[in-house]
Amino acid sequence: MSVPAKINLSLRVGARRPDGYHDLSTIFHAISLRDEVTVESAPAGSGRTLEVTGGQVDDVPLDDSNLAARASIELARVLGLPEPDLRIHIAKSIPVAGGMAGGSADAAAVLVACRRLWSADIDDAALLQVAAKLGSDVPFSLHGGTARGTGRGEMLTSVLARGELHWVVALNEGTLQTPAVYAEWDRLVESGVAAPGGSDDDLLVALRHGDPADIGPLLANDLQVAALSLKPALQTVLETGLELGAHGGIVSGSGPTVVFLADGRDAALDLAVALSGSGLVRGVRHAVGPVAGAQVIR
Ligand code: C5P
Numbered sequence: 244m245s246v247p248a249k250i251n252l253s254l255r256v257g258a259r260r261p262d263g264y265h266d267l268s269t270i271f272h273a274i275s276l277r278d279e280v281t282v283e284s285a286p287a288g289s290g291r292t293l294e295v296t297g298g299q300v301d302d303v304p305l306d307d308s309n310l311a312a313r314a315s316i317e318l319a320r321v322l323g324l325p326e327p328d329l330r331i332h333i334a335k336s337i338p339v340a341g342g343m344a345g346g347s348a349d350a351a352a353v354l355v356a357c358r359r360l361w362s363a364d365i366d367d368a369a370l371l372q373v374a375a376k377l378g379s380d381v382p383f384s385l386h387g388g389t390a391r392g393t394g395r396g397e398m399l400t401s402v403l404a405r406g407e408l409h410w411v412v413a414l415n416e417g418t419l420q421t422p423a424v425y426a427e428w429d430r431l432v433e434s435g436v437a438a439p440g441g442s443d444d445d446l447l448v449a450l451r452h453g454d455p456a457d458i459g460p461l462l463a464n465d466l467q468v469a470a471l472s473l474k475p476a477l478q479t480v481l482e483t484g485l486e487l488g489a490h491g492g493i494v495s496g497s498g499p500t501v502v503f504l505a506d507g508r509d510a511a512l513d514l515a516v517a518l519s520g521s522g523l524v525r526g527v528r529h530a531v532g533p534v535a536g537a538q539v540i541r
C-alpha cells in the first residue's frame with residue numbers, strides 16, 4: 244500500500260465540544276510524500292507484529308497502541324472476525340508527529356489492505372465510518388485529493404481544484420503532540436491573544452483556478468499561532484521560505500512541519516535547495532498535490 248501525507252490548506256478551529264474535540268472547517272490536500280505499508284497474514288495465534296523502518300522510528304509505538312494496529316483490530320471487530328494475526332511493515336517517509344497525519348495514513352492503508360486480504364464485504368462508505376472512529380484525519384487519508392472537512396474533520400466533501408501544486412516541505416527538529424497544540428490554542432483564545440474566524444470562499448475560488456500566486460497568500464491555519472507559541476523557532480523558518488520566494492507558507496496542521504507553496508517545479512527545487520542550505524531545518528522534501536488516497540501498489 245502507498246498512502247499520502249496530508250496538509251491543511253486552511254484549518255479553522257471552532258468551539259471545543261463536550262467530547263473534547265473541536266469543530267473544524269478545513270481544506271485537506273494530499274501530497275506526494277508517502278508511507279509504504281505492507282500487511283501480511285501471520286500464523287494463527289501469533290498476534291500482530293509491527294515493524295517500522297525509515298526516519299524517526301524511535302518515536303513510533305510498536306504495540307497495539309499504534310493506530311495502524313488498532314485499524315486492523317477495529318475492522319475485524321466490525322466484520323465480526325476474531326482478533327487478527329498480522330505482520331504489518333511500515334516504511335516511513337511522512338514525518339512522525341509532524342502535523343501531516345502520518346499515523347492516520349498508516350491506519351488508512353491497513354484498512355484498505357485488510358479489506359483486500361480478508362476479501363471483506365464492506366463498501367467504501369462503511370470503511371470511511373470505521374476510519375472516522377479511529378481518528379479525525381483517517382477518512383481523508385482514504386479519500387485523498389483535495390477535500391473540505393467538517394465536524395471534527397471526518398465529514399468530507401470533495402473540492403474542485405485545477406492543476407498540480409508544487410510544495411516544499413520543511414522538516415523541523417522535534418515533534419508536537421496534537422492535543423497539546425489544541426490545548427495551547429484554547430489557552431490563547433481564552434486569554435484573548437487568538438480568535439477563530441475567517442472564510443475560505445476566496446481560497447476555494449483560487450483553487451478552482453489553480454494559480455499558486457493566488458492560492459499562496461490565502462493559506463490559513465488557526466493552529467499556527469499555537470504551534471509557534473510552543474516552538475517559536477518555526478517563525479524564522481516561515482519568514483525564510485517567504486523571503487526565498489514562496490507564494491505562501493504555513494505550519495502544517497498542528498506542526499512542527501512547515502510547508503511552502505512554490506510557483507512550479509523549478510521554483511520548488513530552487514527553494515528546497517536554498518532552504519536546505521539555510522541550516523534552519525532538519526530536511527526538505529519536494530512534493531506535489533493533490534494525489535490519490537491510500538492505494539494498493541502490489
Ligand atoms: O482524532 P485524533 O485522534 O487524530 O485527534 C487527536 C487529538 O487532537 C484529540 O485527542 C484532540 O485533542 C485534538 N483534536 C481536536 N479537535 C479535532 C481533532 C483533533 O481537539 N477536530
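Per the working numbering, the very first residue in the sequence shown carries number 244; after that it's consecutive.
Glycine included, every Cβ here is placed at the ideal spot set by N, Cα and C.
Rounded to whole angstroms, what is the Cα-Cα separation between residue i and residue j?
{"i": "Thr-421", "j": "Asp-349", "result": "17 Å"}
{"i": "Ile-331", "j": "Thr-292", "result": "6 Å"}
{"i": "Ser-336", "j": "Leu-414", "result": "11 Å"}
{"i": "Asp-306", "j": "Lys-249", "result": "24 Å"}
{"i": "Phe-271", "j": "Val-501", "result": "15 Å"}
{"i": "Arg-508", "j": "Leu-487", "result": "15 Å"}
{"i": "Leu-518", "j": "Asp-506", "result": "15 Å"}
{"i": "Ile-316", "j": "Asn-309", "result": "11 Å"}
{"i": "Arg-391", "j": "Pro-325", "result": "35 Å"}
{"i": "Pro-460", "j": "Asp-454", "result": "11 Å"}
{"i": "Asp-367", "j": "His-386", "result": "10 Å"}
{"i": "Leu-512", "j": "Gly-522", "result": "16 Å"}
{"i": "Glu-294", "j": "Ala-356", "result": "16 Å"}
So which of the options has the shortest CA-CA distance to residue i?
{"i": "Ile-493", "options": "Val-432, Asp-301, Gly-298 and Leu-466", "result": "Leu-466"}
{"i": "Gln-299", "options": "Asp-278, Trp-361, Val-436 and Val-256", "result": "Asp-278"}
{"i": "Ala-369", "options": "Ala-319, Pro-325, Gly-342 and Leu-329", "result": "Ala-319"}
{"i": "Gly-297", "options": "Ser-497, Leu-267, Pro-338 and Glu-283", "result": "Pro-338"}
{"i": "Gly-346", "options": "Leu-371, Ala-312, Thr-400 and Ser-434", "result": "Ala-312"}
Quick check on the DSSP output: the beta strand (DSSP E) that includes residue i runs from which residue to which?
{"i": "Ser-268", "result": "265 to 284"}
{"i": "Ile-333", "result": "329 to 335"}
{"i": "Glu-486", "result": "Segment 477 to 486 is the alpha helix (DSSP H) holding Glu-486; no beta strand (DSSP E) there."}
{"i": "His-490", "result": "Where His-490 is concerned, there is no enclosing beta strand (DSSP E), given that its DSSP letter is neither H nor E."}
{"i": "Arg-391", "result": "389 to 393"}
{"i": "Arg-405", "result": "Run containing Arg-405: none; DSSP gives neither H nor E here."}
With a CB to CB cut of under 8 Å and the five nearest residues on each side skipped, what residues in its chain are close to residue i?
{"i": "Ile-458", "result": "Leu-252, Leu-408, Leu-446, Ala-449, Leu-450, His-490, Gly-491 and Leu-504"}
{"i": "Ala-438", "result": "Val-432"}
Is the CB-CB distance between residue i and residue j below 7 Å?
{"i": "Val-527", "j": "Val-411", "result": "yes"}
{"i": "Gly-288", "j": "Ser-384", "result": "no"}
{"i": "Val-381", "j": "Thr-389", "result": "no"}
{"i": "Thr-269", "j": "Gly-378", "result": "no"}
{"i": "Leu-329", "j": "Ala-285", "result": "yes"}
{"i": "Arg-525", "j": "Glu-416", "result": "yes"}
Leaving out five residues on either side along the sequence, give the residues of the same chain with a beta carbon under 6 Å from the beta carbon of residue i.
{"i": "Ser-275", "result": "Ala-530, Val-531 and Val-534"}
{"i": "Gly-342", "result": "Ser-495, Gly-496, Ser-497, Gly-498 and Thr-500"}
{"i": "Ala-314", "result": "Ala-350, Val-353, Leu-354 and Leu-377"}
I'd like to confirm something about residue i: is its beta-carbon nearer than 6 Å to some heavy atom of the ligand ADP, or not?
{"i": "Leu-324", "result": "This structure lacks the ligand ADP; its bound ligands are the ligand C5P."}
Tell me the residue span of the alpha helix (DSSP H) that contains residue i.
{"i": "Ala-456", "result": "455 to 458"}
{"i": "Thr-500", "result": "Segment: none, Thr-500 is in no alpha helix (DSSP H) and carries neither H nor E."}
{"i": "Ser-347", "result": "345 to 360"}
{"i": "His-529", "result": "From DSSP, His-529 is part of no alpha helix (DSSP H) but of the beta strand (DSSP E) over 526 to 532."}
{"i": "Ala-375", "result": "367 to 377"}
Can you list, in chain order, the residues of its chain with a C-beta nearer than 7 Å to that of residue i? Leave out the 5 residues immediately preceding and following it.
{"i": "Asp-245", "result": "This sequence places Ser at residue 245; Asp is not what is there. Closer than 7 Å at the Cβ level, and outside the excluded window around Ser-245, lie Arg-277, Glu-279, Gln-538 and Ile-540."}
{"i": "Arg-359", "result": "Val-539"}
{"i": "Ala-340", "result": "Asp-302, Thr-418, Leu-419 and Gln-420"}
{"i": "Arg-259", "result": "His-265 and Asp-429"}
{"i": "Ala-469", "result": "Val-424, Glu-427, Trp-428 and Leu-431"}
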